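J.:
Protein chains in written order, with this note's numbering: chain B, 1 to 117; chain W, 1 to 115.
(1) Nearest by alpha-carbon distance to residue 58 of chain W: which of W:36, W:19, W:84, W:13 is it?
(2) Do the stretch 14-26 of chain B and the stretch 1-12 of chain W touch if we need at least three Cβ pairs shorter than 8 Å?
(3) If we define contact as Cβ-Cβ less than 8 Å, is residue 52 of chain B a contact residue for chain W?
(4) So which residues on chain W does residue 105 of chain B lean against when the C-beta distance must stay under 9 Å?
(5) Rounded to whole angstroms, how far is the Cβ of residue 23 of chain W from the Cβ of residue 32 of chain W, which I believe are closer than 8 Å?
(6) Cβ of residue 10 of chain W versus every heavy atom of the ligand FMN: is any distance shorter than 7 Å?
(7) What's the gap between the Cα of residue 108 of chain W and the Cα of residue 80 of chain B?
(8) Can you pull the chain B neighbours of residue 74 of chain W, defined as C-beta to C-beta under 9 Å?
(9) For residue 16 of chain W, return the contacting residues in chain B, with the cut-off set at a CB-CB distance below 8 Å.
(10) Counting only beta-carbon separations shorter than 8 Å, does residue 116 of chain W have a partner in chain B?
(11) Mind listing the chain B neighbours of residue 111 of chain W? Cutoff is C-beta to C-beta under 9 Å, in chain order.
(12) Would you mind working out which of W:114, W:18, W:16, W:25 sits nearest residue 69 of chain W, comparing C-alpha positions?
In structure tokens:
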């Protein structure tokens, strides 16, 4: 079964600095996908970035980049030039298949990021 | 993307009430999902619909009854709930129910309190 582990319950960063949020995963699948979502206090789960297991390059989306280390089974999120609006919960997720063959996301417990002015 | 709308945003109900949660997506997607987010627990998948057909029920108690009249709308009918059902219920949609980069887009959720 797939499993996502986020070991940092909370992280603090100064505005304009970079921060890395850790994510490790466990799967026996050869082909898989990894996602990062942001959840502000309003509740909406906002998609940030995707990394496929066969993608040769690390994914980047604006200030977000994914440090994908396949051998270590890690998919850390790097946020550059942090902004106050980045304060939120961040979830790492992996695509998995249900017993019925449908697709689902398996989520970690999340990391609460606080950006200080 | 803010193409997934959930109503109501907040709901308080007694254990004997019947209520419904509504989800609407404006993204032209074919798959829709219900997830439950309880305090201190990871998100859990509840149901999956693909082209209006239910393709997954993750052992959800029958007091939760989903309905998908078309690919744009998804409902979750609630009856005789328990206090432990209090949680944030998130709806998501994706292009389909499979694929290498099948991104699920979420709504803002309905925060449910069962008294």
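Yeah, the Cβ is synthetic: ideal placement off N, Cα and C, and Gly gets one too.
All figures in this text were calculated on a predicted structure; none of them were measured in a lab.
T.: On the basis of the coordinates in this document:
(1) W:36
(2) no
(3) yes
(4) 33, 35, 43, 45, 92, 104
(5) 7 Å
(6) For the ligand FMN, the structure offers nothing, since it holds no ligand at all.
(7) 26 Å
(8) By Cβ distance, chain B contributes nothing, its closest Cβ being about 14 Å from residue 74 of chain W, past 9 Å.
(9) Correct list: empty, because the minimum Cβ distance to chain B is about 27 Å.
(10) In the structure as shown, chain W starts at 1 and stops at 115, and residue 116 of chain W therefore has no counterpart that could be examined.
(11) 43
(12) W:25
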